[in-house]
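K.L.:
In the numbering used here, the protein residues as written are 36 to 324.
Before I ask anything, let me first share the structure, which is written out below as structure tokens.
Following this line, the structure appears as structure tokens:
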């Protein structure tokens with residue numbers, strides 16, 4: 036995952052890998068011209084152990100880069116087409132994982148059940164923190180861990196273990212420049228005040244979540260994030276009403292009117308700090324792998 040992100044030029048904020056699906060929160064930077072030496076570096080990141088054929092072809096490409104020969108132009112355009120794009124990142128990641136999985140388990144054929152789903156998130160600190168915490172708490176919701184720090188396959192655990200890139204991802208969604216302060220802030224976001232005595236009992240069933248809300252009760256955000264919320268995976272866009280309205284207007288300009296779609300409030304009884312989602316939600320879900 037880190038290799039493919041480096042090659043594609045996207046930044047991983049956090050992720051969670053479970054037995055039949057995974058989540059990843061990405062930041063896609065604004066497109067900038069990429070010099071040839073950076074293209075070569077990224078290519079070598081993606082193929083750290085090139086085959087004899089790849090090495091020979093790469094030597095030809097290197098010799099033509101300065102003169103902008105035909106082989107170099109074709110290679111450059113092919114690499115650039117794979118960069119700065121969520122779809123290309125997911126395609127490469129799923130392809131490479133499928134190849135490894137099939138070889139390891141001596142199987143053939145497709146692995147993933149359907150195309151990935153993506154949600155556009157406003158570049159606003161609260162929205163990113165809520166989604167990041169929701170992703171890192173996947174292991175808690177699945178009953179695999181009482182603390183995501185102890186679940187090996189998530190961005191938060193990797194950051195706590197010392198991976199600098201994982202730490203930078205979490206730091207990027209807080210206003211704190213050093214990891215220790217950012218970690219304390221993010222951990223409080225996950226567990227809420229008094230985490231030391233409540234974290235093991237903070238997870239609640241979704242049925243209980245609905246019961247409390249229907250009765251007009253309030254729940255802390257840290258508790259709600261332990262429930263499975265379809266708004267975060269099927270909502271298409273997450274952010275303020277203004278952000279969703281702008282994105283929806285752009286969509287209508289390209290694709291025509293969609294009168295039944297619009298900003299939708301998240302469940303009442305939780306302090307969402309103005310977060311909303313796109314109205315249309317998918318009615319059916321299937322396994323991801």
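Ideal Cβ positions, reconstructed from N, Cα and C, are used throughout, including at glycine.
These numbers were taken from a predicted model, which means no experiment stands behind them.
What separation, rounded to the nearest whole angstrom, lies between the Cα atoms of residue 44 and residue 274?
P.N.:
In the chain shown, counting from the first residue as 1, residue 44 sits at position 9. In the chain shown, counting from the first residue as 1, residue 274 sits at position 239. Each residue's Cα considered, the two are about 24 Å apart.
K.L.:
Taking the C-alpha atoms as reference points, what is the distance between residue 39 and residue 254?
P.N.:
Your numbering for residue 39 matches position 4 in the chain shown. Your numbering for residue 254 matches position 219 in the chain shown. So the two alpha carbons sit approximately 38 Å from each other.
K.L.:
Following the continuous beta strand (DSSP E) through residue 59, name the residue where it begins and the one where it ends.
P.N.:
Within the chain shown, the letter at position 24 stands for residue 59. That run of the beta strand (DSSP E) goes 57-62.
K.L.:
Starting from residue 299, follow the beta strand (DSSP E) in both directions and report where the run begins and ends.
P.N.:
Along the chain shown, one-based indexing puts residue 299 at 264. It spans 298-300 - the beta strand (DSSP E) in which residue 299 sits, taken as one unbroken run.
K.L.:
Could you check the C-alpha separation between residue 110 and residue 96 for me, to the nearest Å?
P.N.:
As a first step, residue 110 must be located in the chain shown, where it is residue number 75. As a first step, residue 96 must be located in the chain shown, where it is residue number 61. Their Cα atoms are separated by approximately 7 Å.
K.L.:
What separation, rounded to the nearest whole angstrom, lies between the Cα atoms of residue 163 and residue 209?
P.N.:
As a working note, residue 163 is residue 128 in the chain shown. As a working note, residue 209 is residue 174 in the chain shown. About 9 Å.
K.L.:
Within the stretch 55-134, note down every full alpha helix (DSSP H) run reaching 4 residues or more, in order along the chain.
P.N.:
List check, alpha helix (DSSP H) in window: 71-81, 87-100, 105-115.
K.L.:
Helix, strand or coil: which one does DSSP assign to residue 274?
P.N.:
Mapped onto the chain shown, residue 274 falls at position 239. Three-state result, residue 274: strand.
K.L.:
Given that a residue counts as buried once 16 or more other Cβ atoms are within 10 Å of its Cβ, and exposed if not, what is residue 229?
P.N.:
One-based indexing of the chain shown puts residue 229 at position 194. The pLDDT assigned to residue 229 is 35, lower than 50, so where the model puts this residue is not dependable; a value taken from the coordinates is nonetheless given after this. Flag for residue 229 reads exposed.
K.L.:
Could you tell me the distance, in whole angstroms, from the CA atom of residue 81 to the CA atom of residue 303?
P.N.:
Taking the chain shown and counting its residues from 1, the one referred to as residue 81 is at position 46. Taking the chain shown and counting its residues from 1, the one referred to as residue 303 is at position 268. If I take the Cα positions, the gap works out to 45 Å.
K.L.:
The alpha helix (DSSP H) that contains residue 257, what's its start and end?
P.N.:
Here residue 257 is taken as the residue at index 222 of the chain shown, counted from 1. It spans 256-259 - the alpha helix (DSSP H) in which residue 257 sits, taken as one unbroken run.
K.L.:
Would you identify the three-state DSSP class for residue 51, choosing helix, strand or coil?
P.N.:
Stepping through the chain shown from its first residue, residue 51 is reached at position 16. Three-state result, residue 51: strand.
K.L.:
Would you mind giving the Cβ-Cβ distance between residue 260 and residue 172, rounded to the nearest angstrom? I have them listed as a contact below 8 Å.
P.N.:
Numbered from its first residue, the chain shown carries residue 260 at position 225. Numbered from its first residue, the chain shown carries residue 172 at position 137. Yes, they are in contact, since the Cβ atoms of residue 260 and residue 172 sit about 5 Å apart, within 8 Å.
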